[in-house]
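Enquirer:
2 protein chains.
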Amino acid sequence: MAAKRRAQMVEETRAKLIQAARKAFATKGYAAASMDDLTAEAGLTRGALYHNFGDKKGLLQAVIGQIDAEMLARMRAVRDQAETRWLGFLAEGVAYIEMALEPEIQRIMLLDGPAVLGDPSLWPNQTACLRSTTQTIQALIDEGTVRPMDAEAAARLINGAALNASLWIAAADDPHAVFAKAIEAFRYLALGLLQTER
Amino acid sequence: MAAKRRAQMVEETRAKLIQAARKAFATKGYAAASMDDLTAEAGLTRGALYHNFGDKKGLLQAVIGQIDAEMLARMRAVRDQAETRWLGFLAEGVAYIEMALEPEIQRIMLLDGPAVLGDPSLWPNQTACLRSTTQTIQALIDEGTVRPMDAEAAARLINGAALNASLWIAAADDPHAVFAKAIEAFRYLALGLLQTER
DNA sequence: ATAGAAACATACGGAGCGTATGTCAATTTA
DNA sequence: TAAATTGACATACGCTCCGTATGTTTCTAT
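Pasting the structure below:
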């Protein structure tokens, strides 16, 4: 026990704090989550928190970084699994909508995160995700599938549509039925990016 | 002076508080805006605030209600000014993007509002705006311009795309150039809603 | 004219964040 | 290996700010 490396111990406490923060932020929201309760649940005090993350915003950044990495990995997975590039592009969008159904992602990534940290497109991992989508669209343009246009613009608007779709689904009385409608509309919108003849 | 009706005086204080709140929320953000400073700037105290709006969230609701009404009015105006129903629909989207360029709307309506009050699509005025867009799309479907689909789904996704476009523009180094790209992408996406032959 | 209520101000208590200080263990250095 | 230093975390404090409880004044109603 005492043979544990110092760096490893630190990583454990950071992980415990992030874990507790994810739970508290997701259930109570960022503003209503108390740092005292947070750290107590992790078996620590606010001292550890301020030492490791600087302030409350720093903790939120760490939480968002973790969730964002998970989302990015999942989107890569479904994209690489698709048969064609175009289908992979669509699958990414659908996967995004599905993920945003989870209350944790809704609350932390879509509501509190932007309000506290500002525009999500400036977050490190999010930009990675966006660049990935942008590159995919650029490839679709180069191969003649998608009409010539600004790839980043297409990626951002498509992402925005998917985001709003998930918000809509999450607030719906019958999420399952609404999910189907949203996916249909999403596919139609994407068609607008294709070359005119199809 | 003393002849002023009671109700009118109340309306004035409410207006003064909302005015000060709009300014403070827009510049400092909801969380960082102090109620003491707010009311002092309006020449009042927190007593007036809690008497009229209940709590801080109530004040935010009032502010959002005012801004939302202004946005709704402007969107109706540009829509009714267009030559065809389809062009009116597009103009509404562009107008939405333009409005979301204003920092006040960015901060209050798009960042803090959803974080504090929850899903915007449940706000009273927002639902009115959405219903308006939904009806427009439904009419476009009925007249054969837009392919048969769920009108509300189309309205929500299109709105989401427009919203993200405005967030992107606002954070850009060169908003003017980005605005052009976003509008182009927005029009392409909308084309996906049209009947296949055009 | 007086009673009542509404509009707003003042006073109070409590919660929470951030910082300053303290303590103990681990790593380093001689 | 023993002393010294640094790092990790806990404890203590002050300050701000929200919400409520109470007080005061002005308008309205009978």
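Residue numbers (numbering that gives the first Met the number 0), protein chains in the order written: chain A, 0 to 197; chain C, 0 to 197.
Every residue, glycine too, gets a C-beta built ideally from N, C-alpha and C.
Small disclaimer: the values here were computed from a predicted structure and weren't measured.
1. For R13/C, I'd like the list of residues in its chain whose CB is within less than 6 Å of its CB, leaving aside the five on either flank, ordered along the chain.
2. Less than 7 Å between C-beta atoms, sequence neighbours within five positions excluded: which residues of the same chain meet that for R4/C?
3. Closer than 8 Å by C-beta to I104/A: which residues in its own chain qualify, once you throw out the five before and the five after it? Chain order, please.
4. Is the region 125-133 of chain C close to the region 147-166 of chain C, with three or more CB pairs under 8 Å?
5. Just reading off the alpha helix (DSSP H) that I107/C is part of, what are its end residues?
6. Given a threshold of 16 other Cβ atoms within 10 Å of its Cβ, counted over all protein chains shown, does S33/A qualify as buried or as exposed?
7. Quick one: which chain A residues come within Cβ less than 8 Å of N124/C?
8. How about A25/C and E40/C: are their beta carbons less than 9 Å apart?
9. Touch check for the region 179-196 of chain A and the region 139-147 of chain A: three-plus C-beta pairs under 8 Å?
10. Would you say I157/C faces chain A, with C-beta separation under 9 Å as the test?
11. Any idea what DSSP makes of L192/A, helix, strand or coil?
12. Exposed or buried, which one is T135/A when buried takes at least 16 other CB atoms within 10 Å?
13. By how many angstroms is the C-alpha of L89/A removed from the C-alpha of A189/C?
14. Answer yes or no: does any C-beta atom of chain C fall closer than 9 Å to that of D149/A?
15. Should the region 102-121 of chain A be regarded as contacting the region 152-170 of chain C, the criterion being three or more beta carbon pairs within less than 8 Å?
16. Please decide whether S131/C counts as near chain A, where near means a Cβ-Cβ distance under 9 Å.
17. Any beta carbon of chain A sitting closer than 9 Å to that of L89/C?
18. Within 10 angstroms of the Cβ of L86/C, are there 16 or more other Cβ atoms? Answer buried if so, exposed if not.
19. Please confirm if E11/A has its CB atom under 9 Å from at least one CB of chain C.
20. Hey, does S120/A have any beta-carbon neighbour from chain C nearer than 9 Å?
21. Between Y49/C and P102/C, what straight-line distance do the alpha-carbon atoms span, to the nearest angstrom?
22. Could you spell out the range, first to last residue, of the alpha helix (DSSP H) harbouring M74/A?
23. For D111/C, is the classification buried or exposed, using 16 other Cβ atoms within 10 angstroms of its Cβ as the cut-off for buried?
24. When the cut-off is 9 Å and only beta carbons count, does W85/C lie next to chain A?
25. If you draw a straight line from the C-alpha of A63/C to the C-alpha of M108/C, how long is it?
26. Determine the direct distance from the alpha carbon of W122/C to that of M8/C, and round the result to whole angstroms.
Expert: For this structure:
1. Here the set comprises N51.
2. Closer than 7 Å at Cβ, skipping near neighbours: no residue.
3. If we look at I104/A and ignore the five residues flanking it on each side, its Cβ neighbours are I66, M70, M98.
4. Yes, the region 125-133 of chain C is in contact with the region 147-166 of chain C.
5. Going by DSSP, I107/C is part of no alpha helix (DSSP H) at all; its letter is neither H nor E.
6. Flag for S33/A reads exposed.
7. What N124/C touches in chain A: nothing, since even the nearest Cβ is about 16 Å away.
8. Contact annotation: A25/C and E40/C have beta-carbon atoms that are not nearer than 9 Å.
9. Verdict: yes, contact present.
10. So, interface residue.
11. DSSP, read as helix, strand or coil, puts L192/A in coil.
12. The residue in question, T135/A, is buried, as its Cβ has 16 or more Cβ neighbours within 10 Å.
13. Between A189/C and L89/A, the C-alpha separation is close to 17 Å.
14. Closer than 9 Å: yes.
15. Contact annotation: the region 102-121 of chain A touches the region 152-170 of chain C, with at least three C-beta pairs closer than 8 Å.
16. At a cut-off of 9 Å between beta-carbon atoms, S131/C makes no contact with chain A.
17. The beta-carbon of L89/C is placed no less than 9 Å from the nearest beta-carbon of chain A.
18. Of the other Cβ atoms in all chains shown, fewer than 16 fall within 10 Å of the Cβ of L86/C; this residue is therefore exposed.
19. Interface residue (Cβ-Cβ distance to chain C less than 9 Å): E11/A is not classified as such.
20. For S120/A, the nearest CB of chain C lies under 9 Å from its own CB, placing it at the interface with that chain.
21. Cα to Cα, Y49/C sits roughly 27 Å from P102/C.
22. It spans 55-80 - the alpha helix (DSSP H) in which M74/A sits, taken as one unbroken run.
23. Label assigned to D111/C: buried.
24. Closer than 9 Å: no.
25. The question names Ala, but residue 63/C is Ile in the sequence shown. A direct Cα-to-Cα measurement between I63/C and M108/C gives close to 7 Å.
26. Cα-Cα distance, rounded: 28 Å.
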